[in-house]
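Going by this note's numbering, the first residue of the sequence shown is number 14, and it counts up by one from there.
Idealized CB from N, CA, C, for every residue including glycine.
Everything on this sheet refers to the single structure shown next.
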Amino acid sequence: MKTVVLRKRTMSSDEAVRLPGLQTYQDREAVLLAPYAMRSVDSAGRKYAEPEHPYRGPFQRDRDRILHCSAYRRLSGKMQVFTGEMGDYHRTRLTHTHEVASIARTIARALQLNEDLVEALALFHDIGHPPFGHAGEDALDECLRDQGGFSHNEHALTIAEEIDVRYHGFPGLNLTREVLDGQGVRADKRNPELRPLLEVQLVDAADSITYDAHDTDDAVKLGLLSLDELVEVPLIRETLTRVNNRFSGLSPRVLRQTLVHELIDYQVSDVLRNCGRYLATASFQNAQQARRAPFCIGPSDEIASKKADLERFLYNHVYRHPQIINVREQAQSRLRKMFAGYLRRPELLPKRYLTRSDSVGLPRSVGEYIAGMTDRFCNEQFERHFA
Ligand code: MG
């Protein structure tokens with residue numbers, strides 16, 4: 014294949030597709046994707062019409078827009094389960110997101126689903142998270158109770174459609190309908206009418222695989238749990254048995270990490286076994302047929318029930334650990350004071366949030382401003398104005 018040199022970033026779409034040797038994303042998808050995958054050419058498009066990019070497909074552009082938005086970068090300063098003061102080893106909201114994207118892409122590639130769409134959905138899924146994880150979310154939800162509450166999944170959509178203004182000609186990121194609808198399913202999980210694309214189902218499964226594995230890893234590394242305690246969970250006991258059958262004499266550190274790798278690999282293989290055979294024989298003609306089928310990409314019933322046991326155990330022993338409860342209570346009390354404080358003194362809000370309060374109301378605008386903060390910035394603002 015000839016080397017293609019793209020000299021001008023401003024070339025038109027027509028010029029680009031005529032360049033010899035340049036494979037279009039439509040060509041690539043035609044070769045790589047299964048019939049049940051979502052194809053770029055079938056996208057419902059964007060709210061504000063834009064010309065096509067010469068060599069990046071629509072979902073690839075979504076992925077890039079998410080990657081370059083400030084809410085995404087700030088995930089590095091937002092806790093997943095454990096705060097920054099507890100060390101540098103454990104996951105932040107950003108590294109959690111990277112792990113979800115990586116696992117989701119592995120599954121997507123093996124099932125011949127649309128990797129670009131899957132990656133965009135994965136990188137997007139947590140950008141609406143407020144500081145201090147679910148503790149922060151619960152506090153904001155309570156503060157905004159009379160205004161319809163607060164959900165990080167919905168807030169991701171608000172960021173993408175209204176708050177993150179960075180392009181000429183439209184507010185937000187102007188993402189494709191498929192990415193917005195995919196996140197919409199996360200925001201409205203109890204609505205059985207919503208039939209998500211297989212790519213959306215897959216990211217949800219990858220999120221669960223990811224946090225089950227890394228929360229186990231982080232909790233042991235931080236000393237909140239020991240492996241001896243964890244073996245009472247069947248999924249961990251069986252995984253550990255497989256590891257011990259393959260290796261002997263592993264140091265505690267390597268044993269913990271091998272266990273986590275095996276935990277991920279086992280769950281991913283289970284999803285592929287559970288779904289691969291079905292998808293290969295279901296003869297779906299297209300993505301719309303597949304999304305309407307009474308089938309969901311996820312673990313087998315056996316592993317789903319073992320995952321539920323592990324999650325219950327993590328809830329009782331990690332998420333409700335006294336150290337974590339302390340962090341949770343302190344964070345929630347700060348957020349409540351800050352929310353009330355900004356309502357009393359709206360002049361402390363940045364100008365654009367003050368302006369935004371004209372259209373969405375002051376409480377909502379205050380909630381959105383706080384939701385955008387990193388843990389560090391939130392603590393700083395609290396100490397400065399409300400301590
Ligand atoms: Mg997540």
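DSSP places C288 in the uninterrupted alpha helix (DSSP H) bounded by 265 to 294.
Membership of V113 in the alpha helix (DSSP H) is indicated by the continuous run 106 to 123.
Between I116 and A219, the C-beta gap is smaller than 7 angstroms, which places the two residues in contact. Just measuring C-alpha positions, the residue of Q93, T119, D322, D101 sitting nearest L107 is Q93.
One thing to note: I120 has its Cβ within 7 angstroms of the Cβ of L215.
A148: member of the alpha helix (DSSP H) spanning 146 to 156, first to last residue.
Your pair A169 and I140 checks out as a contact, with CB atoms roughly 5 angstroms apart and the cut at 8 angstroms. The set of residues with CB atoms less than 6 angstroms from any heavy atom of ligand 1 reads, in chain order, H109, V113, H138, D139, D220. If you keep only unbroken alpha helix (DSSP H) runs of at least 4 residues inside the stretch 189 to 222, you get 190 to 200. In chain order, N127, L130, E191, L210, E212, A300 place their CB closer than 7 angstroms to the CB of M51, counting only its own chain and leaving out the 5 sequence neighbours on each side.
Cα atoms of D231 and T105: separation of roughly 11 angstroms, rounded to the nearest angstrom. Residue environment analysis places P143 among the buried positions, since at least 16 neighbouring C-beta atoms fall within 10 angstroms of its C-beta.
CA-CA distance, G236 to Q336, rounds to 11 angstroms.
With the rule of 3 Cβ pairs closer than 8 angstroms, the stretch 280 to 296 does not count as touching the stretch 256 to 265. One alpha carbon belongs to L124, the other to G380, and they sit about 40 angstroms apart. Relative to the Cα of S378, the nearest Cα in the group D388, T387, R365, R389 belongs to R365. Below 8 angstroms, too few C-beta pairs join the stretch 240 to 252 and the stretch 347 to 357 to call them touching: fewer than three. Contact annotation: the stretch 308 to 315 does not touch the stretch 330 to 346, with fewer than three C-beta pairs closer than 8 angstroms.
The beta-carbon separation of G162 and D151, rounded to 10 angstroms, does not stay under the 8 angstroms limit for a contact. Proximity to L243 across R369, L323, S346, S264 peaks at L323, based on C-alpha coordinates.
As computed with DSSP, M92 is found in a beta bridge with T105. Within the stretch 296 to 377, the alpha helix (DSSP H) runs of at least 4 residues that lie entirely inside it are, in chain order, 300 to 305, 314 to 327, 335 to 357, 364 to 373. Taking 7 angstroms as the cut-off, the beta carbon of V233 is found closer than this to the beta carbon of R269. In this structure, DSSP gives Y382 a helical state, which the three-state scheme calls helix.
Between A303 and Y102, the C-beta gap is not smaller than 7 angstroms, which leaves the two residues out of contact. 7 angstroms or more divides the Cβ of H66 from the Cβ of R59. Of all C-beta pairs linking the stretch 196 to 209 to the stretch 280 to 292, fewer than three are shorter than 8 angstroms, placing the two stretches out of contact.
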